[in-house]
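Right, one structure below, let's go through it.
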Amino acid sequence: MLNLMSGVAYQVDLTNCDQEPIHIPGTIQGHGMLVVLKEPELEIIQISENVPLYFDDLNPEALLGASVEILFKNGYFESLKPLLENKDLQQNSTFLFEMTPHSGYPKIPLNIISHRIEGVLIIEMESASGSSWSNEQDLIHAIEDSLCRIRNTPDLNDFWQNSIHELKRISGFDRIMVYEFEPDGSGSVIAEVKEDYLETFLGLHYPASDIPNQARELYVKNKLRIIPNVDYEPVKLLPYMPLQTGQPLDMTYAILRGVSPIHIQYLQNMGVTATMTLSILKGGSLCGLIACHHYAPKYIPYDMRIACYILGQFINLEYLVRMEEKEYQYELRLLEMESRFIEFMSNSETIGDGLMNFNPNLGDFINAEGAMLYEGSVIYTEGNFKAVGLTPPKDKIQDLIDWLSSENKAAVYCTNELPKVFPPALAYKDLASGLLAITLSVTPPNYVLWFRPEKIETVNWAGDPSKSETYKQEGESLTPRASFEKWKETVRLKSLPWTSHEQLAAAKLREMILRVSFYKQEALITRNKYLKIQILQKTSDLAKSNSELEKFTLIASHDLQGPLRKLAQFSSFLKNSPNISPSGDEINYIERIQSTVHKMQVLTDNLLSLSRMSQFDKNISVVELRDIILMVLRELEPLVHSTQASIDIEHSISIECYPQKMHLLLRHLIENAIKFQKPNVKPVIKIGAFPFNENSCEIRIQDNGIGFDEKYLDRIFKNFERLNGTSAYEGSGIGLGIVRKAVEIHHGTITAKSSPDEGSTFIVRLPLKQKLSIPATNTFS
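Set out below in structure tokens:
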């Protein structure tokens with residue numbers, strides 16, 4: 037296929053059609069002639085070569101450089117000149133001037149249409165005859181009637197059908213279709229009226245390649261385009277590039293502009309002979325077309341074109357009004373929900389509670405099958421999930437959150453092809469093939485997510501979209517597809533798309549959440565300042581009370597040691613003296629006294645240890661933990677021997693600590709590991725100290741004892757809290773309290789993992805170096 041570029045013929049096919057400069061074809065269609073004038077002289081600098089068809093005895097080449105007055109004799113020029121010199125005559129405005137034959141000049145009645153572009157004046161001349169309406173008044177009445185019928189169509193679904201029915205009644209085309217564009221550039225026929233003998237195109241889809249980008253741009257600029265006969269012979273412009281401009285003529289707004297050879301063959305393949313196309317715009321962008329097809333040549337004269345243009349503009353505006361009304365109602369509903377959300381969030385303890393626990397909730401805000409609020413943490417690898425509706429499993433969500441965070445997605449991100457961009461989502465495509473996400477914060481990651489399931493649908497294409505090009509014979513050019521038979525495709529792994537209004541609503545919700553969070557944070561800061569003052573006062577009072585209590589405990593425990601030792605000595609004397617022969621009952625009483633004295637001694641020893649633990653200690657040194665562990669095991673040797681415990685020191689490390697307090701910490705943990713054994717099961721204890729990171733270590737003490745339910749984890753480190761009966765296992769209920777205090781003094785953390793009858797593992801994390809201060813409580817779980 038040939039087209040003109042730079043004054044010479046060049047090859048056009050599907051390999052370069054998307055770059056074809058269709059606004060400067062260098063030719064016009066044959067149903068009129070075109071003249072280009074230089075201003076202000078109104079000198080002819082370019083003219084179509086078909087002048088003799090309209091004016092006898094005029095040679096187009098001879099007219100170059102002449103005044104345009106030569107074309108407008110018989111007094112026409114005097115009337116036309118003021119119109120041509122009007123400065124408001126720009127590219128998107130035209131005027132109509134009629135010439136009737138006078139003494140055979142011109143040959144036929146002509147409509148003169150003109151516009152100005154890029155410093156030149158373009159005059160187009162077309163036949164003034166051919167209208168199917170008998171007179172102008174009938175056409176005006178028909179348009180008025182059509183406008184009323186279109187406006188009175190209440191339902192948006194019927195709106196397009198009724199609109200193009202009226203357009204067909206006015207224009208007389210064989211088929212009129214409404215063609216709607218998808219976000220990917222493809223399109224589908226959403227409404228159609230046609231002659232009965234024609235097959236239907238309703239519902240068919242067309243690939244984006246059918247309408248190249250540069251053609252879409254022209255449809256935005258020039259809202260009406262006609263081709264009276266696809267079999268026309270192109271008429272050249274002389275010269276192709278005027279010397280005065282040095283540029284090909286921009287024919288963007290020219291009615292006669294020549295048609296791309298690719299588009300001509302495309303229409304011929306469809307069997308279409310004549311077309312008229314009206315643009316549907318929204319927000320300055322092309323969102324659809326009204327395509328009018330005729331299966332024989334059909335010339336649309338100027339008055340009919342204006343009527344169709346007016347009707348098309350009205351249809352476009354009426355459509356926008358209806359869409360704005362629909363969007364307005366949608367926005368009203370969202371505003372109502374937003375105000376409720378603000379109320380819920382303001383009165384809730386957390387933002388998440390306000391979004392999830394009321395009606396409406398997050399699942400009602402956007403049309404989705406499920407919604408989720410994810411609140412991340414800078415400490416833990418997994419965050420907190422709150423969900424409504426149908427959502428992917430929580431163990432899969434974490435990977436999705438990690439992907440969103442690592443990809444630095446926009447504050448509002450959406451896709452209706454999640455498995456395509458995030459392959460792991462294939463596992464839950466039936467729940468989340470569509471994702472709409474808003475980012476509340478990246479560190480820690482906080483997101484609101486909406487999910488839509490896969491929607492499997494069958495798309496009817498006008499021919500196989502993967503075969504949009506054909507070869508005729510070897511060596512011939514690549515040409516548009518010739519087959520427009522229905523071709524079905526099953527579309528999977530996609531959800532319904534997220535509309536622009538839903539994305540905007542999500543963005544507004546994000547702003548609202550952040551705003552409420554800010555206000556709550558400000559209120560929290562103010563409250564915290566007040567609480568800090570109260571805490572300082574309470575802390576001071578508590579410190580005084582604790583100091584007095586610790587002094588009392590220290591004195592009482594110390595003073596009890598003497599009487600308890602004497603009781604132990606006297607009871608032993610009574611039981612073992614050769615001069616006294618107690619009876620069996622008396623021996624039982626003495627043994628019970630000894631047992632009670634022993635428990636009291638353990639209790640007073642532990643109370644003394646707890647009191648001394650709170651005393652300031654500046655004796656920091658670097659110790660090898662293995663040495664302290666071995667010292668503890670020597671002290672516990674009777675218990676180890678009696679229980680036949682097996683103890684394995686797996687690994688050790690040197691750390692900076694308070695040696696006496698570290699000794700107590702390890703003693704109580706190891707003693708408990710041995711003591712809380714299962715009946716008739718020998719204790720097996722594993723002790724290890726390992727580097728945790730460059731600044732801290734981790735001590736683990738694992739046993740095979742009776743274990744406990746982790747729901748009691750917070751209780752076991754409190755003083756005098758015992759999960760087992762006092763008769764089953766000896767103990768004062770203070771041991772783990774001493775351990776916790778020792779961990780706090782070392783600026784560490786402690787926790788445990790356990791299950792009943794499965795043993796326990798106590799985990800202590802400590803810094804490798806200490807500072808001389810007593811920190812606040814800090815436990816992790």
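End of the sequence shown sits at 817 in this note's numbering; the numbers just go up one at a time, nothing left out. The beta carbon of each residue, even a glycine, is placed where N, CA and C say it ideally should be.
Item	Value
Secondary structure of D684, DSSP reduced to three states	strand
Straight-line Cα distance separating I326 from A404	32 Å
Reduced DSSP secondary structure (H/G/I, E/B, other) of S165	coil
Inter-stretch contact (C-beta, 8 Å, three-pair minimum) for the stretch 319-336 and the stretch 88-97	no
Backbone secondary structure at Q82 - three-state DSSP	strand
Beta carbon of V720 nearer than 7 Å to that of S688	no
Whether G795 touches G741 by CB criterion (7 Å)	yes
Touching by the beta-carbon criterion (3+ pairs, under 8 Å), the stretch 698-714 and the stretch 735-755	yes
Paired residues, beta bridge with K230 - DSSP	R211
DSSP-derived helix/strand/coil call for Q573	helix
Cβ pair N452, S531 closer than 7 Å	yes
Proximity winner among P76, G239 and P533, relative to G470 (alpha-carbon distances)	P533
Three-way DSSP call (helix, strand, coil) for E105 in this model	helix
Residue span of the alpha helix (DSSP H) that contains N305, given as start and end	P297 to M306
DSSP bridge partner residues for Y242 (one or two, in chain order)	G223
Residues near Q349 in its chain [Cβ-Cβ closer than 8 Å; skip 5 each side]	K259
Start and end residues, beta strand (DSSP E) containing G399	Segment L398 to F401 is the alpha helix (DSSP H) holding G399; no beta strand (DSSP E) there.
Segment contact, 8 Å Cβ cut-off, at least three pairs: the stretch 310-318 with the stretch 330-338	yes
Residues near A592 by beta carbon distance below 7 Å, same chain, minus five either side	Note that A592 scores a pLDDT of 48, beneath 50, so its modelled location is shaky; the value from the coordinates is reported in the next line. There are no such residues.
E361 versus H177: straight-line alpha-carbon distance, rounded	29 Å
Delimiting residues of the alpha helix (DSSP H) encompassing P674	E673 to T679
Inter-residue Cα distance where the pair is P460 and K754	45 Å
Separation of A423 from E686, as counted between CA atoms	44 Å
G834 vs G406 beta-carbon contact at 7 Å	This structure leaves residue 834 out entirely; the chain is present only between 37 and 817.
Reduced DSSP category for T386 - H, G, I as helix; E, B as strand; rest coil	coil
Residue(s) in a DSSP beta bridge with Q738	K722 and T797
With 16 other Cβ atoms within 10 Å as the buried cut-off, status of C344	buried
Nearest-angstrom beta carbon gap, M373 and P396 [assumed within contact, 8 Å]	5 Å
Exposed unless 16 or more other CB atoms sit within 10 angstroms - verdict on D210	buried
Own chain, CB closer than 7 Å to P284, minus 5 neighbours either side, in chain order	I60, G62, Y276 and M277
Rounded C-alpha distance that separates L146 from P137	8 Å
Beta-ladder partner(s) of A310, from DSSP	H330
Run of the beta strand (DSSP E) containing A423, from where it starts to where it stops	N420 to G425
Option in S296, I665 and V266 with minimal Cα separation from P248	S296
When T787, I781, A788 and T797 are compared against P803, the one with the closest alpha-carbon	I781
Local conformation of R528 per DSSP, three classes	coil
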